[in-house]
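Chains as they are written, first to last, in our numbering: chain A, 1 to 225; chain B, 1001 to 1225. Idealized CB from N, CA, C, for every residue including glycine. What follows is a short report on a single structure.
2 protein chains.
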Amino acid sequence: MLDNYILVVDDESRMRKLIKDFLAQKGYSILEAEDGERALEVFEENKNKINLILLDVMMPKLDGWSVLRQIRQESKVPIIMLTARGEEQDELFGFELGVDEYISKPFSPKILVARVEAILKRTNQDQKQVKEYGGIEIDKEGRTVKVDGKVIELSLREYELLTYLVENENIALSRDKILNNVWNYDYYGDSRTIDSHIKKIRHKLGKRGKYIKTMRGVGYKFEVK
Amino acid sequence: MLDNYILVVDDESRMRKLIKDFLAQKGYSILEAEDGERALEVFEENKNKINLILLDVMMPKLDGWSVLRQIRQESKVPIIMLTARGEEQDELFGFELGVDEYISKPFSPKILVARVEAILKRTNQDQKQVKEYGGIEIDKEGRTVKVDGKVIELSLREYELLTYLVENENIALSRDKILNNVWNYDYYGDSRTIDSHIKKIRHKLGKRGKYIKTMRGVGYKFEVK
DNA sequence: AAATATTATATATAATAGATATATAAATTT
DNA sequence: AAATTTATATATCTATTATATATAATATTT
Chain A
1 MLDNYILVVD DESRMRKLIK DFLAQKGYSI LEAEDGERAL EVFEENKNKI NLILLDVMMP
61 KLDGWSVLRQ IRQESKVPII MLTARGEEQD ELFGFELGVD EYISKPFSPK ILVARVEAIL
121 KRTNQDQKQV KEYGGIEIDK EGRTVKVDGK VIELSLREYE LLTYLVENEN IALSRDKILN
181 NVWNYDYYGD SRTIDSHIKK IRHKLGKRGK YIKTMRGVGY KFEVK
Chain B
1001 MLDNYILVVD DESRMRKLIK DFLAQKGYSI LEAEDGERAL EVFEENKNKI NLILLDVMMP
1061 KLDGWSVLRQ IRQESKVPII MLTARGEEQD ELFGFELGVD EYISKPFSPK ILVARVEAIL
1121 KRTNQDQKQV KEYGGIEIDK EGRTVKVDGK VIELSLREYE LLTYLVENEN IALSRDKILN
1181 NVWNYDYYGD SRTIDSHIKK IRHKLGKRGK YIKTMRGVGY KFEVK
């Protein structure tokens, strides 16, 4: 079974239930939110584990576009917008702003599942596949890491930190960003803590440890080269 | 073989009689229901012996889709939907929700029997297999577990928990997921309960108990290695 | 100007105390 | 009996600290 988390945001509970049922049956774990404000809360609390968001456009309090914009400030999580027919005007708008896909209501479950799967695959969020980065294999389902074919034991934080770096391959990550993403919400600890974990990970990765590059004055970057 | 019970749900008595005759001739035992509500009652009373359900879509009181959904809450019994032509729209819908097969009316007896047999065969085979995982044999039909050839006694929860882990071999399962799958959906118990059962299972599995790995900070994982 | 030395700052490393998660056994409830 | 809860022990992880080392910028000497 996979362990992809999908956040479903819609004000109609019937629609949420419907989507939930389809996706749950396909093995996805579902989180729900009944309006835009709640969506942001749920996202904030679970941002590390959410792999995709299904976002209704028309909602009370805070509409889908506003939610989209706010989430895009800090995250690249794939977002599928659920639109009613006749909202095509807005579509172009949304595409520019970082919408990954549209589904117009009413839709068939087949369409829904197909789009969800396509996007997860495309954005490489699919937990199911084992990915390889220059001798480092990461199996997200099994939560195991192999280096040159041999399993290495990583603690929870080490695993989270490594996968975060790896998922952001070739991107220099500031300590702040790392703290906000690997540690929970506002963590006021010493940022030397990161260094400490980096050291241990590098050691466990052996010669592959050099893929974690120090970006002096900034943070770290994972780069296979 | 000759003890397969099939529940036929259709509001037209002519249709029920027709189906009943075909299938009885092939040696199946038939239970009948003339509407959705009655279907649920009959199912409730005989759920352990019903091997397959033939379910008409259009019925008074409670339609086929509603019956399907309710039964799927608690059972994986194979269900064949009987649809009138022109209901193709809904088909996709149902497939995702756990329909095993469709037969559109009018149908030939040959089609009917062929589909019924195919499905019974398919679902029986799945159940019948005794699977082996590194010295641990699981016989789902017999609900027994052997370790290195010797039967071990497991309580209900222990059996359910072990088979859940084993069926998700090599996948790290969170306590939440385990609770949601092995216990009821809304079980608010202490998650130390899981540990307690894990301990007992490990003990009963003897040296094979080490296949249940502790994923610190996450949960457990079954892994033969 | 080039080479070297100084200084300031950032990161690496190792050791340790404190926090947390799990194992285990025993008690309680169902 | 079985399932769950509770209490305690144990193992493991995490954050912090202190110190060493690396690096970059600047100043000094050749």
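Alpha-carbon spacing of residue i relative to residue j, whole angstroms
i, j, result
"B/D1190", "B/V1113", "49 Å"
"B/D1021", "B/E1034", "16 Å"
"A/R122", "B/L1068", "34 Å"
"B/V1145", "B/K1221", "18 Å"
"A/G219", "A/L162", "14 Å"
"B/G1149", "B/V1182", "26 Å"
"A/E91", "A/W65", "Here the model assigns A/E91 a pLDDT of 49, short of 50, so the residue's position is not dependable and the matter cannot be decided."
"B/L1156", "A/R115", "39 Å"
"B/M1059", "A/R72", "48 Å"
"B/R1202", "B/E1223", "13 Å"
"B/M1215", "B/A1172", "7 Å"
"B/K1225", "A/L55", "42 Å"
"B/I1111", "B/S1013", "20 Å"
"B/R1175", "A/S29", "14 Å"
"A/I152", "A/E137", "10 Å"
"A/R143", "A/E117", "21 Å"
"A/N170", "A/I6", "26 Å"
"A/G135", "A/E141", "19 Å"
"B/L1205", "B/V1147", "6 Å"
"A/I103", "B/K1177", "29 Å"
"B/E1096", "A/P109", "Bear in mind that a pLDDT of 49 at B/E1096, under 50, signals an unreliable position, so the model cannot answer this."
"B/L1052", "B/D1011", "18 Å"
"A/L120", "A/G98", "15 Å"
"B/K1213", "A/E74", "35 Å"
"B/V1009", "B/D1100", "16 Å"
"B/L1154", "B/K1210", "17 Å"
"A/Q70", "A/N46", "15 Å"
"A/P78", "A/Q125", "9 Å"
"B/N1180", "B/Y1159", "16 Å"
"B/I1080", "B/I1019", "13 Å"
Helix, strand or coil at residue i [DSSP, three-state]
i, result
"B/L1062", "coil"
"B/E1096", "Confidence at B/E1096 is low in this model, with a pLDDT of 49, below 50, so the placement of that residue should be treated as unreliable; the coordinate-derived value is given next. Note: B/E1096 maps to helix in three-state DSSP."
"B/F1043", "helix"
"A/Y211", "helix"
"B/K1199", "helix"
"A/V8", "strand"
"A/Y220", "strand"
"A/E37", "helix"
"B/E1074", "coil"
"B/E1091", "Here the model assigns B/E1091 a pLDDT of 45, short of 50, so the residue's position is not dependable, and the following value carries that caveat. Looking at B/E1091 - three-state DSSP - the assignment turns out to be helix."
"B/R1115", "helix"
Local Cβ density within 10 Å of residue i, reported as buried at 16 or more and exposed below that
i, result
"B/K1207", "exposed"
"B/N1168", "buried"
"B/A1024", "exposed"
"B/G1036", "buried"
"A/A39", "buried"
"B/P1106", "exposed"
"B/Y1188", "exposed"
"B/Q1089", "For B/Q1089, the predicted structure reports a pLDDT of 48, less than 50, and the residue's modelled location is therefore unreliable. The matter cannot be settled from this model."
"A/N48", "exposed"
"B/R1016", "buried"
"A/V130", "exposed"
Residue i, enclosing alpha helix (DSSP H) - first and last residue
i, result
"A/S13", "S13 to Q25"
For residue i, the first and last residue of its enclosing beta strand (DSSP E)
i, result
"A/F107", "Taken as a continuous stretch (DSSP letters only), A/F107 belongs to no beta strand (DSSP E), as it is neither H nor E."
"B/S1029", "S1029 to A1033"
"A/D3", "That residue, A/D3, is in no beta strand (DSSP E); it is neither H nor E in DSSP."
"B/N1051", "I1050 to D1056"
Any non-hydrogen atom of the ligand HEM within 8 Å of residue i CB
i, result
"A/S155", "The ligand HEM is not part of the structure shown, which contains no ligands of any sort."
May I have a chain-ordered list of the beta strand (DSSP E) segments no shorter than 3 residues that lie completely inside the region 1117-1196 of chain B?
-> If you keep only unbroken beta strand (DSSP E) runs of at least 3 residues inside the region 1117-1196 of chain B, you get 1130-1133, 1136-1139, 1144-1147 and 1150-1152.
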